[in-house]
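Input: a single structure, listed below in C-alpha cells.
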Amino acid sequence: MIRIFLALLVVAAIAGCTGLGTLTQASKPNDLYLLTPKSTFSTSLPRIQRQIVVEEPTATAAVNTDQIAVQPTPLQVQYLPRARWVDRAPLIVQSLLVESYENSGKVAAVGRSIVGLRADYVIVPDLREFQGIVVEQPDGSSIVRVEVRMNIKIIDEFEDKIIASDSFQEYVISESDQTPDLVNAFDVALGKTMRDAVEWSIRRIHTHASNNPRSF
150 MIRIFLALLV
160 VAAIAGCTGL
170 GTLTQASKPN
180 DLYLLTPKST
190 FSTSLPRIQR
200 QIVVEEPTAT
210 AAVNTDQIAV
220 QPTPLQVQYL
230 PRARWVDRAP
240 LIVQSLLVES
250 YENSGKVAAV
260 GRSIVGLRAD
270 YVIVPDLREF
280 QGIVVEQPDG
290 SSIVRVEVRM
300 NIKIIDEFED
310 KIIASDSFQE
320 YVISESDQTP
330 DLVNAFDVAL
340 GKTMRDAVEW
350 SIRRIHTHAS
360 NNPRSF
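Numbering (my numbering), first residue to last: 150 to 365.
Here it is, written out as C-alpha cells:
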C-alpha cells in the first residue's frame, strides 16, 4: 500500500509540474502588431463635398479575429503563435480606411458608423481575404504569399440604394516566414488595396454627386 501511495504522489507531483509549466507559458504576453493607413494618393483625385461613413467590414470567422491567419493548405487555417493584431482585423481595416480617406484630403468629412455622423454616402466593405498562404515551390521549398481582398459597396443614403460595387485585391510575397516579415507583407498588401478602394470610391461618389445635385 505504501508503494502504491508513493507512486500516486509521484504521478500527482509530475501532473502538478506540468500544470505549472502550462500556466507559466500561458502567462507570457503576446506580441501585438499594428498596420498603417495609406497616405499617398493620385494628385488627380477630385474633391467631394460630401460626408462619408465607413461601416465595419464583414468577414468570415477565420478572419474576424485578432489572430494572424496563415493557411498551410487550401483547406486549413492556422494562427501565428504568440502574435496578435491590436484588434480584430475588421475593426483595424475600418479604422485604417477612415484614416486613409482623411489622409487623401479629398473628403468633406468621414467617420466610422458608430460615431453617429450623418452621412451622404456609406462605404460598406466586405473583407474576403486577409491571410498568408503557404505556397510550395517546384524545388520543394515554400514561400508565404499574403493575400488581401475587399469588396466595396457605396450606398447613397438619401436614395437608399447601392450606386457602385467593386473588388480590390493585392498579393505580396513575404521576405520570410518570420512574424515581422509577414506583418510587413500584410501592411503593404492592405495599403495597396486601401489606396485603390479609396481612389475608386472617391471618383465614383464625385461622379454620382455631380449627376445628382442636392440642395441642403
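Idealized CB from N, CA, C, for every residue including glycine.
Under the three-state DSSP convention, the category residue i falls into
i	result
residue 308	coil
residue 278	strand
residue 240	helix
residue 335	helix
residue 291	strand
residue 326	coil
residue 346	helix
residue 356	helix
residue 252	helix
residue 229	strand
residue 177	coil
residue 302	strand
residue 297	strand
residue 235	coil
residue 212	coil
residue 193	coil
Contacts around residue i, its chain only, beta-carbon distance under 8 angstroms, and the 5 residues preceding and following it disregarded
i	result
residue 314	300, 301, 302 and 303
residue 233	179, 180, 181, 182, 215, 216 and 217
residue 328	180, 182, 217, 229 and 232
Candidates the options, of which the one nearest residue i by Cα
i	options	result
residue 316	285, 348 and 282	348
residue 267	202, 225 and 274	202
residue 283	319, 323, 310 and 258	323
residue 306	189, 190, 204 and 184	204
residue 221	239, 292 and 274	292
residue 362	342, 308, 326 and 350	308
residue 241	274, 255 and 226	274
residue 225	331, 286, 280 and 352	280
residue 194	325, 207, 254 and 332	254
residue 332	235, 207 and 208	235
Cβ neighbours of residue i in the same chain (closer than 6 angstroms, five flanking residues each side left out)
i	result
residue 340	187
residue 345	317
residue 357	312
residue 334	295, 321 and 323
C-alpha distance - residue i paired with residue j, whole-angstrom precision
i	j	result
residue 298	residue 276	6 angstroms
residue 246	residue 219	23 angstroms
residue 360	residue 252	26 angstroms
residue 177	residue 290	32 angstroms
residue 174	residue 190	Only weak support exists for where residue 174 lies, its pLDDT of 48 falling under 50; the value from the coordinates is given anyway. About 45 angstroms.
residue 210	residue 260	25 angstroms
residue 352	residue 249	15 angstroms
residue 243	residue 278	15 angstroms
Same chain, Cβ closer than 7 angstroms to residue i, five either side skipped, listed in chain order
i	result
residue 237	213, 214 and 215
residue 354	197, 199, 270 and 303
residue 257	197, 198, 199 and 200
residue 350	272, 301 and 303
residue 319	297, 338, 341 and 342
residue 184	241, 245, 335, 336 and 339
The ligand FAD heavy atom lying under 8 angstroms from the CB of residue i
i	result
residue 187	Inclusion of the ligand FAD in the displayed structure is not the case, the ligand content being empty and no account of it being possible.
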